[in-house]
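J.: By UniProt numbering, the letter at position 15 of the sequence shown is numbered 15, and the numbering carries on one by one without gaps.
Glycine is no exception: its CB is placed at the ideal position from the N, C-alpha and C atoms.
Quick one: structure below, then a few questions.
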Amino acid sequence: MTKEKAELKQNLEHLAEQKGSQQAVSYQDLFTPQFMQKYTSFATIDFFVRELGVKDFTQIEQMAIDQVDEFVKKETKFASWEEMQQKAVSEYMMKLF
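Have a look at this one:
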C-alpha cells in the first residue's frame, strides 16, 4: 500500500470513528456522477470501469498500475489513478463537513 493510500485510509477511519462507528465507503459514494462528469470523460464510474476493460471496480487493483495510470491520464484531468482517488476522497470528506 502506498503512503498516500495509507494516509487516505487513516483519514477515513478517523472520520468513521468520529461518527461513532466504522463504516465502509463505497466507490459509488466516492466517484459520484458529479465527480466523474467534472473530472473525466465518463458519466459514471461504471462507464469508466467498463472502458478500462474490467468487469467491476474491484478488478482495477489487479491491473498493472502503469496501465491504469495511462488510461487515467488519457481520459481524466488527473496524472495518475492515485491522484484521482485522492481527489475523490477529498471531495467526499468536504461534503461531510
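1. Shortest alpha-carbon distance to Val49 belongs to which of Glu13, Tyr27 and Lys38?
2. For Val72, which of Gln59, Tyr39, Asn11 and Glu4 has the nearest alpha-carbon?
3. Candidates Gln59, Val68, Thr76 and Leu96: which alpha carbon is nearest Phe42's?
4. How many angstroms separate the CA atom of Glu51 from the CA atom of Ile45?
T.: Based on what the coordinates show:
1. Tyr27
2. Tyr39
3. Thr76
4. Going by the C-alpha atoms only, they are around 10 Å apart.
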